[in-house]
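Visitor: Each residue of the sequence shown is one higher than the last, beginning at 6 in our numbering.
All residues carry an ideal CB built from backbone N, CA and C; glycine is no exception.
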Amino acid sequence: MRNLYDSLVRPFIFLSSPEMGHRIAIYSFKQRWFWELLAWHFRVDDDRFIVSSGEVRLSNPFGLAAGFDKNCEMFESLSALGFGYLTLGSVTLNPREGNPKPRIWRYPNESLVNSMGLPNDGAYRISERLASTNRRVAPLILSISGMSLEEFSDCYLRLQEHADAIELNISTPNTAGVRIFQDPDTFAKLLDTVMTRRRDNKPVWVKLPPYFDEKTRENVLELVNTCIRKSVKAITSINTKLVKESRASIGTAGVSGKEIFADMLRIVSDIYTHTDGKISINACGGIFSAEDAWKAFQAGATTIQLYTGFVYRGPSIVVNLKRQLLKFLEKDGYESITDVIGKVHK
């Protein structure tokens, strides 16, 4: 199927703008019957892939990153592709249109740049959508965001019953109001507010920004310290890299894909050593191949989140990763993927 995607489907989709291409994908994945018929093709089950990230037990460590299914309308079909979990959203309490279009562009080195600004239908409508299905799917991690403590916590309260975990997105580079939570004191208040207002013990995950100098490194690692103190169960690292983009209405955008792979590895490794492996890390950024995933696991990742690699490699990316990684496990004599995590530090 990958050859078909590479030779026919992707070239057709890439004839259109990235946002139109995404709308084509949404239409395709809304045809649930089609993907359920193909589910057998994407199924590679093996106990060696079982992991637990952020207190969520997963059949395999390959997750969909936030941003692809912003409105939680494709998750049943996406579950048929073999993902171990799906991160949906990011969702805000109230609907947002996001930044003016155009707001997504393709870079030549299998990277994307976006200035979306958190467009979504809002927590109330999305909650109703999630409540309308009882179908068994992969574990759902709902990514939420907000511009205030109240918006974050109200969004959490509205969505928690539909999620296996909630991921707090404080790192989107395209929405200035969200970045106030990258201040350690403000972030601590956010966690206190969420933890005290939640009605159950659903695990809380946090998606952190990248860093490129010592000052921002110290800030992010202080956020990591706060996560551990406040009983956050998993960290997703990293979000997109902020760059200047003259085509964007706000003048900036976030780069994802191969361009940030090395940064992701560096930061995952840094967080793993800083915490002595005491918190689950979801590696997000530029993973396209089994070799990429293997390096991320060795650096300290418990799971892998895919987005840009999924766009460029197509629906078969997870099954191909699984097949290749089983060969890696057998070649190096590991009994499970958990034996690989953080191996370069041991």
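Would the segment 55-69 and the segment 110-122 be scored as touching if the rule is three or more Cβ pairs under 8 Å?
Guide: No, they do not touch.
Visitor: Write down the C-beta distance between Gly-59 and Ser-285 rounded to the nearest angstrom, noting that I regard them as a contact closer than 8 Å.
Guide: By 1-based counting over the sequence shown, the position of residue 59 is 54. By 1-based counting over the sequence shown, the position of residue 285 is 280. Going by Cβ atoms, the distance from Gly-59 to Ser-285 rounds to 5 Å, so yes, they are a contact pair.
Visitor: Please give the ranges of any beta strand (DSSP E) in the segment 207-280, keeping only runs that are unbroken, at least 3 residues long and fully inside the region.
Guide: Runs found: 209-212, 239-242, 246-249, 257-262.
Visitor: Quick one: grab the DSSP three-state call for Ile-346.
Guide: As a first step, residue 346 is located in the sequence shown; it is residue number 341 there, counting from the start. In the structure shown, Ile-346 sits in coil (DSSP, three-state: anything other than H, G, I, E or B).
Visitor: According to the neighbour-count rule (16 or more other Cβ atoms, all chains shown, within 10 Å of its Cβ), is Arg-108 buried or exposed?
Guide: The sequence position of residue 108 within the sequence shown is 103, counting from 1. So Arg-108 counts as buried.
Visitor: From Lys-246 to Lys-283, what does the alpha carbon distance come to, in whole angstroms?
Guide: Against the sequence shown, residue 246 aligns to sequence position 241. Against the sequence shown, residue 283 aligns to sequence position 278. About 26 Å.
Visitor: Are the segment 284-304 and the segment 237-244 in contact at 8 Å, needing three or more beta carbon pairs?
Guide: Yes, since at least three Cβ pairs between the segment 284-304 and the segment 237-244 fall closer than 8 Å, the two stretches touch.
Visitor: Which one or two residues does DSSP pair with Val-118 in a beta bridge?
Guide: By one-based count along the sequence shown, residue 118 stands at place 113. Paired residue(s): Trp-110, Val-260.
Visitor: Checking 8 Å against the spacing of the C-beta atoms, do Ser-225 and Leu-213 come in under that value?
Guide: As a working mapping, residue 225 is identified with position 220 in the sequence shown. As a working mapping, residue 213 is identified with position 208 in the sequence shown. Per the sequence presented here, residue 225 reads as Val, with Ser not at that position. For Val-225 and Leu-213, yes; Cβs fall inside 8 Å.
Visitor: Determine the DSSP secondary structure at Asn-125, reduced to helix, strand or coil.
Guide: As a working note, residue 125 is residue 120 in the sequence shown. Asn-125: strand per DSSP, three-state reduction.
Visitor: Considering only residues of the same chain and omitting the five flanking positions on each side of Phe-302, which have a CB-CB separation below 6 Å?
Guide: Taking the sequence shown and counting its residues from 1, one reaches residue 302 at position 297. So the qualifying residues of the chain are Val-345, Ile-346.
Visitor: What distance in whole Å lies between the Cβ atoms of Val-49 and Lys-327, which are believed to be in contact at a cut-off of 8 Å?
Guide: In the sequence shown, residue 327 corresponds to position 322, counting from 1. In the sequence shown, residue 49 corresponds to position 44, counting from 1. Right, the Cβ-Cβ distance comes to about 4 Å (below 8 Å), so this counts as a contact.
Visitor: Closest to Trp-218 by C-alpha separation, out of Ile-272, Gly-26, Phe-333, would be which residue?
Guide: Stepping through the sequence shown from its first residue, residue 218 is reached at position 213. First, the amino acid is wrong: residue 218 is Asp here, not Trp. For the residues Ile-272, Gly-26, Phe-333, the minimum Cα distance to Asp-218 belongs to Ile-272.
Visitor: Helix, strand or coil for Phe-20? Go by DSSP, reduced to three states.
Guide: Locating residue 20 in the sequence shown gives position 15, counting from the first residue. Correcting the residue type first, residue 20 is Leu in the shown sequence and not Phe. In this structure, Leu-20 counts as coil in the three-state DSSP scheme.
Visitor: Give me whichever residues DSSP pairs with Cys-289 in a beta bridge.
Guide: On the sequence shown, position 284 is the one that residue 289 refers to. Answer is Gln-310, bridged to Cys-289.
Visitor: Give the single residue among Gly-305, Ser-321, Glu-296 whose Cα lies nearest to the Cα of Leu-330.
Guide: Position 325 of the sequence shown holds residue 330. The candidate whose alpha carbon is nearest that of Leu-330 is Glu-296.
Visitor: According to the Cβ coordinates, are Ile-146 and Glu-172 closer than 8 Å?
Guide: The residue given as residue 146 occupies position 141 in the sequence shown. The residue given as residue 172 occupies position 167 in the sequence shown. Cβ atoms of Ile-146 and Glu-172: closer than 8 Å.
Visitor: Once DSSP output is grouped into helix, strand and coil, what is the label at Tyr-90?
Guide: For the purposes of this step, residue 90 is taken as the residue at position 85 of the sequence shown. The answer is strand: DSSP assigns Tyr-90 an E or B state.
Visitor: Would you report the Cα separation of Arg-163 and Gly-151, rounded to the nearest angstrom?
Guide: Taking the sequence shown and counting its residues from 1, the one referred to as residue 163 is at position 158. Taking the sequence shown and counting its residues from 1, the one referred to as residue 151 is at position 146. Approximately 13 Å between the Cα atoms of the pair.
Visitor: Following the continuous alpha helix (DSSP H) through Glu-60, name the residue where it begins and the one where it ends.
Guide: The count along the sequence shown starts at 1 and reaches residue 60 at position 55. Element bounds for Glu-60: n/a, residue is neither H nor E.
Visitor: Please state whether DSSP places Ser-148 in a helix, a strand or coil.
Guide: As a working note, residue 148 is residue 143 in the sequence shown. If DSSP states are grouped into helix, strand and coil, Ser-148 belongs with the strands.
Visitor: Return the CA-CA distance between Gly-262 and Thr-313, expressed in angstroms with no decimal places.
Guide: Numbered from 1 along the sequence shown, position 257 holds the residue referred to as residue 262. Numbered from 1 along the sequence shown, position 308 holds the residue referred to as residue 313. Whole-angstrom Cα-Cα distance: 5 Å.
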